[in-house]
Amino acid sequence: MFLKLIGMTSLILFVFLFSTVRAWTATNDGGSSEKKPLRIQPDGIEGPHVLFWLQSSLKRVFPNSEPGTETTLTLLSARNRQISFQACLRNNRPYPLNVVCSVTGTEDLRIQIRRVGYVPLRHMTIETDPTELEGIGHIPGMAPDPLFPENSAVVGPWENQSFWITINVPADVPPGVRNLQVEYLFHEGTQKAELTAKVDVRPLVLQKRSDFPVTHWWRLESLYEYYKVDMNSDRCRQLTRAYLKNLVDHGNNMIFVPAWFPRSEVVARPAQLLGIVETTPNNYEFDWTRVREFVEQARECGAEAFEWPHLWIYWGVKHPERFYTQKSDGSWQLLFEPDSDGFGDRYVGFLKQLMASWHRFLLDERILEISYFHLSDEPGGDEHFANYTRARQLLREIAPWMKVLDALSEVRYGKENLTDYPIPIISSAPDYIREGIPHWVYYCCGPRGAYVNRFMDTPLIKIRMTGWLFYRLKAQGFLHWGYNGWHVIEKDAIVDPFTQFDAGWYPGIPNGDPFVVYPGENGPIDSIRWEVFFESLQDFALLQTAGIDRDDALLDAIKSYADFPKSEDWLEEAIASVLSK
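Going by our numbering, the sequence shown opens with residue 44, and the numbers climb by one from there.
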């Protein structure tokens, strides 16, 4: 009997140890060194299981992606910068799973956890080889993009869920390795899984990016239309502050000022801060009160420079920009009909009066030297070139103080010195580079294919390479039209940003091009693309801080905005090389 008890005890102990090993080992295959996710049976017995793994921030985890294999992860960082990774799981059970994610192990790093949300993506970007896309086999379908400020999730049967872990490394922390414990609490809070992320903090302290303006056209009308608030309300001002702060926090040092409405369609409620009254025929008074309030608010949020709307409507330089006057009953009325002559006496007379008043305002606010101005957007062809030349000459006569920047892809604009800061699309940038013409760059609906861009199926590694491309190819600034463009293109209508990502114009506008943030209750919800783009701007600052020459051999593999390294290995090795100098 005694021997039987010993045998039974041994058997129980063996079963317990075997179950424990199966629950916590990352390989769970009898000692194989092959990487596998951590596998746990929530009910403690053989059967349906949950897989856990860590993933870099440069690969999307779709609801039905194959599980990853990393149960440990090492991240290299300078001080005073942001890095990120993903904590992932797959519920291989026919039941829903409630899970809470947390990260512990250090008090000197600031850590933020957000749930990766999935949105319905109906199409992939056209005219692009599958090797230049991310999501083949998953799209059409649910795609990861918004980052909800939550650390818990309900994970359905046979689906994945990831949490986006953002780590801010302060400038004053001691260098060294930190071990972070990523903990998943699940199965009604009775079980947990733990994985380890190592943060290797190097001595270099990242300095603020310099001499490289970044601006995105943010839409005031998107705020008051989506949130259904009055443009002059405190609620709208609070929302505006939240979105401006988000822009600055993501590397935008120049802020677009919605002094007047920059879209061609005629709308009932234009986003126009400037008050305009026609006192007598062809005589105008201008009220800059609300513009002044906006500028003050933007400066409080950290804005260092200001970008002002265009003066002639885009795609032609033929007609006036859309200026409105507000009537006594609160309704808005266009001052100049859409097809009126942009060089007629009436509009030129208006511009002369506007320029005089505007100049006084800029001087009074002491922002003239940090203001940048637009003439017209994306002209193309001989007729547009002639119109742009005529408009530029007019501005030189009536507003010689203006520094003009515009999206102008044809290199002749740069050769003729028609603008102070030409901004070619990245596919035309080589023309400016060959001519030695200083320039900014932009991308929007294109180019596609091998080029870098920021669509919802652009591989994240390509987005992360953006800052490296700007640095190597000697761009002097970056502009993008799509920060929160939640409207239907060319229509006075708003979209549902959580279900429509093309401004109602697919395939002309790829998914994700109009916006990089989603509307949250009291401010923006970041996207994966927005976070990775910001980290690319920090890479630009890293190269500046380390004193890397733009022609350094380290960057030789970067040939153009289409021909550049597109692998995590190259990026990791390049960052390690910079941080070892």
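All C-beta atoms in this analysis are idealised placements derived from N, C-alpha and C, irrespective of residue type, glycine included. A quick note: this is a predicted structure, and the numbers were derived from the prediction, not measured.
Could you tell me whether the Cβ atoms of His417 and Asp449 are closer together than 8 Å? By one-based count along the sequence shown, residue 417 stands at place 374. By one-based count along the sequence shown, residue 449 stands at place 406. A contact, by the Cβ cut-off of 8 Å.
Cutoff 6 Å; reference Cys488; Cβ partners in own chain excluding five residues on either side: Position 445 of the sequence shown, counting from 1, holds the residue named residue 488. Excluding sequence neighbours, Cys488 sits near Ile552 and Asp556.
Between Glu175, Gln281 and Arg103, which has its C-alpha nearest Gly496's C-alpha? The residue labelled residue 496 in the question sits at position 453 within the sequence shown. One detail in the question is off: residue 496 reads as Asn in this sequence, not Gly. The residue with the shortest Cα to Cα distance from Asn496 is Glu175.
Residue range of the beta strand (DSSP E) that Phe349 falls in? Counting from one through the sequence shown, the residue named residue 349 turns up at place 306. Segment Ala348 to Glu350, the beta strand (DSSP E) holding Phe349.
Run through DSSP, which three-state label would Ser265 get? Reading the sequence shown from its first residue, position 222 is the one you call residue 265. If DSSP states are grouped into helix, strand and coil, Ser265 belongs with the helices.
Rounded to the nearest angstrom, what separates Gln224 and Gln84 at their Cα positions? The residue given as residue 224 occupies position 181 in the sequence shown. The residue given as residue 84 occupies position 41 in the sequence shown. When rounded, the distance between both Cα atoms is 20 Å.
Round the Cβ separation of Val220 and Met185 to the nearest angstrom and send it over; I've been treating them as touching at under 8 Å. Counted from its first residue, the sequence shown places residue 220 at position 177. Counted from its first residue, the sequence shown places residue 185 at position 142. That pair is no contact at about 37 Å.
Pair every Cβ in the region 333-349 with every Cβ in the region 360-368, then say whether three or more of these pairs are closer than 8 Å. no
In this structure, what does DSSP give as the bridge partners for Trp375? Position 332 of the sequence shown, counted from the first residue, corresponds to residue 375. Trp375 pairs with Gln369.
Is the Cβ-Cβ distance between Leu101 and Thr114 less than 8 Å? Walking along the sequence shown from the start, residue 101 turns up at place 58. Walking along the sequence shown from the start, residue 114 turns up at place 71. In this structure, Thr114 does not lie closer than 8 Å to Leu101 by Cβ.
Relative to the C-alpha of Asn325, which candidate in Leu394, Ala493, Tyr561 and Thr283 has its C-alpha closest? Locating residue 325 in the sequence shown gives position 282, where the first residue counts as 1. The candidate whose alpha carbon is nearest that of Asn325 is Leu394.
Going by Cα to Cα distance, which pick from Ser452, Cys144 and Ala493 is closest to Pro473? For the purposes of this step, residue 473 is taken as the residue at position 430 of the sequence shown. Per the Cα distances, Ser452.
Beta-carbon separation of Asn275 and Pro213 under 8 Å? Indexing the sequence shown from 1 puts residue 275 at position 232. Indexing the sequence shown from 1 puts residue 213 at position 170. Result no, Cβ atoms of Asn275 and Pro213 do not sit closer than 8 Å.
Taking 7 Å as the limit between beta carbons, can you name the residues of its chain near Asp382, skipping five residues before and five after? Residue numbering aside, residue 382 sits at position 339 when the sequence shown is read from its first letter. If we look at Asp382 and ignore the five residues flanking it on each side, its Cβ neighbours are His362.
Among Asn460, Ala285, Phe229 and Tyr456, whose alpha-carbon lies nearest the alpha-carbon of Asp86? Taking the sequence shown and counting its residues from 1, one reaches residue 86 at position 43. The shortest C-alpha separation from Asp86 is found at Phe229.
Hey, could you find the ends of the alpha helix (DSSP H) Gln250 is sitting in? Reading the sequence shown from its first residue, position 207 is the one you call residue 250. Segment: none, Gln250 is in no alpha helix (DSSP H) and carries neither H nor E.
Helix, strand or coil at Gln587 according to DSSP, with G and I counted as helix: Working through the sequence shown from its first residue, we reach residue 587 at position 544. DSSP places Gln587 in helix when its eight states are reduced to three.
Please report the straight-line C-alpha distance between Gln581 and Gln543, rounded to a whole angstrom. Locating residue 581 in the sequence shown gives position 538, counting from the first residue. Locating residue 543 in the sequence shown gives position 500, counting from the first residue. Taking the straight line from one Cα to the other gives about 30 Å.
Under the three-state DSSP convention, the category Pro173 falls into: Residue numbering aside, residue 173 sits at position 130 when the sequence shown is read from its first letter. It is helical.
Length-filtered (4 minimum) alpha helix (DSSP H) runs lying within the region 398-474: 425-441 and 454-458
Contact between the region 556-572 and the region 283-296 (3+ Cβ pairs under 8 Å): yes
Count the other CB atoms, across all protein chains shown, that sit within 10 Å of the CB of Ser610; report buried if there are 16 or more and exposed otherwise. By one-based count along the sequence shown, residue 610 stands at place 567. When all chains shown are included, Ser610 counts as exposed.
How many Å lie between Arg433 and Ala442 at the Cα? Mapped onto the sequence shown, residue 433 falls at position 390. Mapped onto the sequence shown, residue 442 falls at position 399. Straight-line Cα distance between these residues: approximately 14 Å.
Cutting at 8 Å between CB atoms, please list the residues of its own chain near Lys241, excluding the five before and the five after it. For this step, residue 241 is matched to residue 198 along the sequence shown. Excluding sequence neighbours, Lys241 sits near Thr115, Leu116, Thr117, Leu118, Val220, Arg221, Asn222 and Leu223.
Return the Cβ separation of Leu503 and Glu109 in integer angstroms, given the expectation that the two are a contact with Cβ distance under 8 Å. Taking the sequence shown and counting its residues from 1, one reaches residue 503 at position 460. Taking the sequence shown and counting its residues from 1, one reaches residue 109 at position 66. Not confirmed; about 17 Å, so no contact.
Let's test the definition: count the other Cβ atoms within 10 Å of the Cβ of Ser75 and tell me whether it reaches 16, buried, or not, exposed. By one-based count along the sequence shown, residue 75 stands at place 32. Bear in mind that a pLDDT of 37 at Ser75, under 50, signals an unreliable position, so the model cannot answer this.
To test your reading of the DSSP string, which unbroken alpha helix (DSSP H) runs of 4 or more residues are found completely within the region 157-219? none
Among the residues of its own chain, which have a CB less than 7 Å from the CB of Thr509, if the five just before and after it don't count? In the sequence shown, residue 509 corresponds to position 466, counting from 1. Hits under 7 Å: Val495, Phe576 and Ser579.
Inter-residue Cα distance where the pair is Asn295 and Thr258: Here the question's residue 295 lines up with position 252 in the sequence shown. Here the question's residue 258 lines up with position 215 in the sequence shown. Approximately 5 Å, taken between the alpha carbons.
Any beta carbon of chain D sitting closer than 8 Å to that of Ala589? No chain D is present in this structure, which holds just one protein chain.
Return yes when the Cβ of Ala348 is within less than 8 Å of the Cβ of Met297, no when it is not. One-based indexing of the sequence shown puts residue 297 at position 254. One-based indexing of the sequence shown puts residue 348 at position 305. Cβ distance < 8 Å, so Met297 and Ala348 count as in contact.
Is it the case that the region 190-207 contacts the region 125-137, given that we only count it when at least three CB pairs across the two stretches are under 8 Å? yes
Tell me which same chain residues have a C-beta within less than 7 Å of the C-beta of Thr68, skipping the five on either side of it? Counted from its first residue, the sequence shown places residue 68 at position 25. Because Thr68 carries a pLDDT of 34, less than 50, the predicted location of this residue cannot be relied on, and the following value inherits that uncertainty. Answer for Thr68: no residue qualifies.
Excluding the 5 residues preceding and the 5 following Glu408 in the sequence, name in chain order all residues of the same chain whose CB lies nearer than 8 Å to its CB. Sequence index remark: in the sequence shown, residue 408 carries index 365 (1-based). So the list reads Arg335 and Val338, once near-sequence residues are dropped.
Cα-Cα separation between Tyr604 and Thr233, rounded to whole angstroms: The count along the sequence shown starts at 1 and reaches residue 604 at position 561. The count along the sequence shown starts at 1 and reaches residue 233 at position 190. Tyr604 and Thr233: Cα-Cα distance of roughly 51 Å.
Residue(s) in a DSSP beta bridge with Phe128: As a position in the sequence shown, residue 128 is number 85, starting the count at 1. Answer is Ser99 and Ile208.
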